[in-house]
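Visitor:
Chains as they are written, first to last, in full-length UniProt numbering: chain A, 1 to 452; chain B, 1 to 319.
#1: Just curious, the beta strand (DSSP E) that residue 7/A is in, first and last residue?
#2: On the CB-based measure, 16 or more other CB atoms within 10 Å of its CB, does residue 256/A come out buried or exposed?
#3: Cutting at 7 Å between CB atoms, please list the residues of its own chain near residue 376/A, excluding the five before and the five after it.
#4: Quick check on residue 72/B: does DSSP put it in helix, strand or coil?
#5: Give me the DSSP bridge partner(s) of residue 128/A.
#6: Would you kindly report the start and end of the unbroken alpha helix (DSSP H) that includes residue 279/B?
#7: Alpha carbon to alpha carbon, what distance is there between residue 358/A and residue 55/A?
#8: Would you call residue 272/A buried or exposed, if buried means 16 or more other Cβ atoms sit within 10 Å of its Cβ?
#9: Give me, in chain order, the residues of the same chain whose beta-carbon lies closer than 6 Å to that of residue 334/A; leave out the 5 immediate sequence neighbours on both sides.
#10: Is residue 120/A near the ligand COA, going by C-beta to nearest heavy atom under 7 Å?
#11: Could you give the first and the last residue of the continuous alpha helix (DSSP H) run that contains residue 89/A?
#12: Please compile the residues from chain A whose C-beta is within a distance smaller than 9 Å of the C-beta of residue 201/B.
#13: On the premise that residue 329/A lies in contact with residue 402/A, defined as a C-beta separation below 8 Å, what is that separation, rounded to the nearest angstrom?
#14: What first and last residue would you give for the beta strand (DSSP E) that runs through residue 428/A?
#15: Would residue 113/B count as contacting chain A if we go by Cβ distances under 8 Å?
#16: What is the rounded straight-line gap between the Cα of residue 186/A and the Cα of residue 259/A?
#17: Can a CB atom of chain A be found closer than 8 Å to the CB of residue 132/B?
#18: If you draw a straight line from the alpha carbon of residue 7/B to that of residue 15/B, how long is it in whole angstroms?
#19: Below 9 Å on C-beta distance, what does residue 206/B contact in chain A?
#20: Can you find the residues in the same chain that come closer than 7 Å, C-beta to C-beta, to residue 449/A, ignoring five residues on each side of it along the sequence?
#21: What does DSSP give as the partner residue(s) for residue 45/B in the beta ladder?
#22: Would you verify that the beta carbon of residue 168/B is, or is not, closer than 8 Å to some beta carbon of chain A?
#23: Is residue 17/B helix, strand or coil when you go by DSSP?
#24: Is there at least one Cβ from chain A nearer than 8 Å to residue 87/B's Cβ?
#25: Please report the distance separating the alpha-carbon of residue 180/A from that of residue 88/A.
#26: Flag this pair as yes or no: are the beta carbons of residue 210/B and residue 191/B separated by less than 8 Å?
#27: How about residue 122/B and residue 95/B: do their beta carbons lie closer than 8 Å?
#28: Starting from the beta carbon of residue 268/A, find every residue of chain B whose beta carbon is closer than 9 Å, and list them in chain order.
#29: Going by DSSP, what residue range makes up the alpha helix (DSSP H) through residue 165/A?
#30: Indicate whether at least one CB of chain B lies closer than 8 Å to the CB of residue 83/A.
#31: Tell me whether the beta-carbon of residue 140/B lies closer than 8 Å to the beta-carbon of residue 308/B.
#32: Going by alpha carbons, who is nearest to residue 243/A out of 144/A, 301/A, 444/A and 252/A?
#33: Please report the Cβ distance between residue 133/A and residue 155/A, rounded to the nearest whole angstrom; I am assuming they are in contact, meaning their Cβ atoms lie under 8 Å.
#34: If the criterion is Cβ atoms closer than 8 Å, does the pair residue 282/A and residue 213/A meet it?
#35: In angstroms, rounded to a whole number, what distance separates the CA positions of residue 441/A and residue 34/A?
#36: Along the alpha helix (DSSP H) that carries residue 303/B, what are the first and last residues, could you check?
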């Protein structure tokens, strides 16, 4: 049985143009308002008055935790959180247990994503075996597997050995892949807890100097230039890093970079509370850094926003600061935070949001069958977002397994009202569709693709 | 004041109140019967996640002189070393009916986390957390300075214009931090003297303190009222903060020659335990200018005052 058709009435595209959208057989077609034909007549109508239609968001940096850390998140719950945030594709980081460093693990992660049906799950492969930073993992096998891995990362750990990083850049180039580097000099950040500055000294928390990130990025862009390979820099967090990347791009080095929503909004001042919800890697930085990241996104130095969604169980955050885990969940809140930091401040338009949260991350990750243009016949992956509302971000808004969000209790603008993945809804009227229904829709889509 | 977590957030009024109540407590300690009934029937828990016999027995003596019952909970060899969380420990103490918790923890901010949590409702006293603060040490140091300077006329006095030089491993010292904030609140001028590797990052630009790398020149330039020496830990040498003990001692130790270059009435302080011959010579430690043992005595009075003010239930009390 195929999935039903939908008629989205009165959506606003990022260009400002208003259109109806007919969603049928996993494809979308813009239709003029009040079109009446046999296709639209049988479709379920959705009133999208006042809603912005964005292409399905793509997160290049998600931790789904499965296999191995299912108490924090699973592929199902993580991709459900993604749908709640308007995402239709997520790239799942490799620091699972076992590590995603073989074709078997990445194919398993992808299959779990396909079965759940909330989003396209593209596994990221580990650059080195076991993330140990010693020898390359089977990058070719992962690239040629059914998961078609194109992004390779030891995220959580920095590939700090310069020779190994050079080899990784070269070898990954062989498969049209990209190395996504977690830039953190390990010696300069031993037991580091927060941004290094007068505040870390006052609070007695071990400092995490900006230079520990910037020096690695500087080395990596020079290596990428030397060997002519693509480099992607994960979660850029300092003004100095933005400067280095701007310089690299001006030299024609093929480097892309991401910023997380939390580094675009929150600062180290929150650490005064010693509330471990604010403990994250890289750490929250200063106001100047937040401003530099926003400016970097506005001028294209920073290419994309990626969430670094990092779920942790309650007990990992309910402790003294030093003992707590690094990371925050971010999929469900990403769009609202982007609106606060970038749209409401006038730095970015909605078309730019579509670029940095959908088009560019899809390009960097070589995501197949992705479109951001709402052209006739485009894959029906999109989200309908209400930017005019404003509400307290509370537990109801979280759809993953973990609740370590730094935004709980804050008033944030906007709300994802609908998300469509492969032409079926994963979010309807602001509510995430139940997992059984979504799995059935995904199965119907898969059957239709096979037979159709 | 519901908890005592830091001196950074202490107002001058609150600080002077503690110092003045400590004067009353000191008077009690000179009596034949060194005991007040103020906390009779209340239970103080000394929750020590880090070894510190001196601080623990000082708090224990203070609580006992106020007639409180004292439970010492040491993390070593207890369930804590088997992985029990701070939360479970705190809830256990709450369930046992602790009326006040004195906590020493290796993690900065742990007392803060305890105070902000709903795990336990009792007043929390920070007895030293990581490299953050050690507020009762700073209070007893200020009390000691005030008594040396003003004697019986100490009550109600601040430390306006007093010059204090703090020497040594400031970076890793919660004592130095707590002293800086409190002394500044009381009107004193503070100078840190240390190798650049041991100056807290950002202190030079953002903290209300003078920074010097040269001990001798600082003595010449400031003619300080107080020189406070910090304990230097040998593991710092391995982490390349300075080359070796000999060089450290030559540049930043208070040896006999430097002692002689001080004003004869300059007070020499050390929070203890001392490394004699390293950061302080025996001559300096045992001189008439040294207040090392007064600091220990005054520590009990300060801790009595803090426990009394937080736990007696009579928050309106004036000294």
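We treat Cβ as the ideally placed atom computed from N, Cα and C, and that holds for glycine.
Guide: So, to answer that:
#1: Against the first chain, residue 7/A aligns to sequence position 7. Element bounds for residue 7/A: 6-13.
#2: For the purposes of this step, residue 256/A is taken as the residue at position 256 of the first chain. So residue 256/A ends up on the buried side.
#3: Counting from 1 along the first chain, the entry for residue 376/A is found at position 376. Within the same chain, residue 376/A has close Cβ partners 29 and 30.
#4: Residue mapping note: residue 72/B aligns to position 72 of the second chain, counting from 1. Three-state result, residue 72/B: strand.
#5: Here the question's residue 128/A lines up with position 128 in the first chain. Beta-bridge pairing links residue 128/A to 136/A.
#6: Counting from one through the second chain, the residue named residue 279/B turns up at place 279. For residue 279/B, there is no enclosing alpha helix (DSSP H), as DSSP gives it neither H nor E.
#7: Position 55 of the first chain, counting from 1, holds the residue named residue 55/A. Position 358 of the first chain, counting from 1, holds the residue named residue 358/A. Rounded to the nearest angstrom, the two C-alpha atoms are 6 Å apart.
#8: As a first step, residue 272/A must be located in the first chain, where it is residue number 272. Residue 272/A comes out exposed.
#9: Here the question's residue 334/A lines up with position 334 in the first chain. Spatial neighbours of residue 334/A in its own chain (CB-CB distance under 6 Å, excluding positions within 5 residues in sequence) are listed in chain order as 85, 261 and 307.
#10: For the ligand COA, the structure offers nothing, since it holds no ligand at all.
#11: As a working mapping, residue 89/A is identified with position 89 in the first chain. Careful: residue 89/A lies outside any alpha helix (DSSP H), inside the beta strand (DSSP E) at 87-92.
#12: Stepping through the second chain from its first residue, residue 201/B is reached at position 201. Ordered by position in chain A, the residues that pass the 9 Å Cβ test against residue 201/B are 196, 197, 198, 200, 201, 207 and 209.
#13: Against the first chain, residue 402/A aligns to sequence position 402. Against the first chain, residue 329/A aligns to sequence position 329. Contact check for residue 402/A and residue 329/A: beta-carbon distance about 6 Å, within the 8 Å limit, so the pair qualifies.
#14: Here residue 428/A refers to the residue found at position 428 when the first chain is read from its first residue. Taken as a continuous stretch (DSSP letters only), the beta strand (DSSP E) holding residue 428/A covers 424-428.
#15: The residue labelled residue 113/B in the question sits at position 113 within the second chain. By this cut-off, residue 113/B is an interface position.
#16: As a position in the first chain, residue 186/A is number 186, starting the count at 1. As a position in the first chain, residue 259/A is number 259, starting the count at 1. If you take the alpha carbons of residue 186/A and residue 259/A, they lie about 21 Å apart.
#17: On the second chain, position 132 is the one that residue 132/B refers to. Using a Cβ-Cβ cut-off of 8 Å, residue 132/B counts as an interface residue toward chain A, since at least one Cβ of chain A sits closer than that to its own.
#18: Taking the second chain and counting its residues from 1, the one referred to as residue 7/B is at position 7. Taking the second chain and counting its residues from 1, the one referred to as residue 15/B is at position 15. Going from the Cα of residue 7/B to the Cα of residue 15/B covers about 8 Å.
#19: Taking the second chain and counting its residues from 1, one reaches residue 206/B at position 206. Scanning chain A for C-beta atoms nearer than 9 Å to the C-beta of residue 206/B yields 197, 198, 199, 201 and 202, reported in chain order.
#20: In the first chain, counting from the first residue as 1, residue 449/A sits at position 449. None.
#21: What you label residue 45/B is simply residue 45 of the second chain in a count that begins at 1. Bridge partners of residue 45/B according to DSSP: 71/B and 101/B.
#22: The residue given as residue 168/B occupies position 168 in the second chain. Output row for residue 168/B: interface = no.
#23: One-based indexing of the second chain puts residue 17/B at position 17. The answer is helix: DSSP assigns residue 17/B an H, G or I state.
#24: As a position in the second chain, residue 87/B is number 87, starting the count at 1. True, the Cβ-Cβ gap to chain A drops below 8 Å.
#25: One-based indexing of the first chain puts residue 180/A at position 180. One-based indexing of the first chain puts residue 88/A at position 88. When rounded, the distance between both Cα atoms is 21 Å.
#26: Within the second chain, the letter at position 210 stands for residue 210/B. Within the second chain, the letter at position 191 stands for residue 191/B. Taking the C-beta atoms as reference points, residue 191/B is found nearer than 8 Å to residue 210/B.
#27: The residue given as residue 122/B occupies position 122 in the second chain. The residue given as residue 95/B occupies position 95 in the second chain. Going by C-beta atoms, residue 122/B is not nearer than 8 Å to residue 95/B.
#28: Looking up residue 268/A in the first chain gives position 268. In chain order: nothing, as chain B lies at least about 12 Å away.
#29: As a working mapping, residue 165/A is identified with position 165 in the first chain. That run of the alpha helix (DSSP H) goes 162-173.
#30: Within the first chain, numbered from 1, the residue matching residue 83/A stands at position 83. The beta carbon of residue 83/A sits no closer than 8 Å to any beta carbon of chain B.
#31: Sequence index remark: in the second chain, residue 140/B carries index 140 (1-based). Sequence index remark: in the second chain, residue 308/B carries index 308 (1-based). Against a cut-off of 8 Å, the Cβ pair of residue 308/B and residue 140/B comes out as no contact.
#32: Taking the first residue of the first chain as position 1, residue 243/A is located at position 243. Nearest neighbour of residue 243/A by Cα position, chosen from 144/A, 301/A, 444/A and 252/A, turns out to be 301/A.
#33: Locating residue 133/A in the first chain gives position 133, counting from the first residue. Locating residue 155/A in the first chain gives position 155, counting from the first residue. Here residue 133/A is actually not in contact with residue 155/A; their C-beta atoms are around 12 Å apart, not less than 8 Å.
#34: Reading the first chain from its first residue, position 282 is the one you call residue 282/A. Reading the first chain from its first residue, position 213 is the one you call residue 213/A. For residue 282/A and residue 213/A, yes; Cβs fall inside 8 Å.
#35: Residue mapping note: residue 441/A aligns to position 441 of the first chain, counting from 1. Residue mapping note: residue 34/A aligns to position 34 of the first chain, counting from 1. When the Cα atoms are used, residue 441/A and residue 34/A turn out to be separated by approximately 28 Å.
#36: Here residue 303/B corresponds to residue number 303 of the second chain, with the count starting at 1. Bounds of the alpha helix (DSSP H) holding residue 303/B are 292-311.
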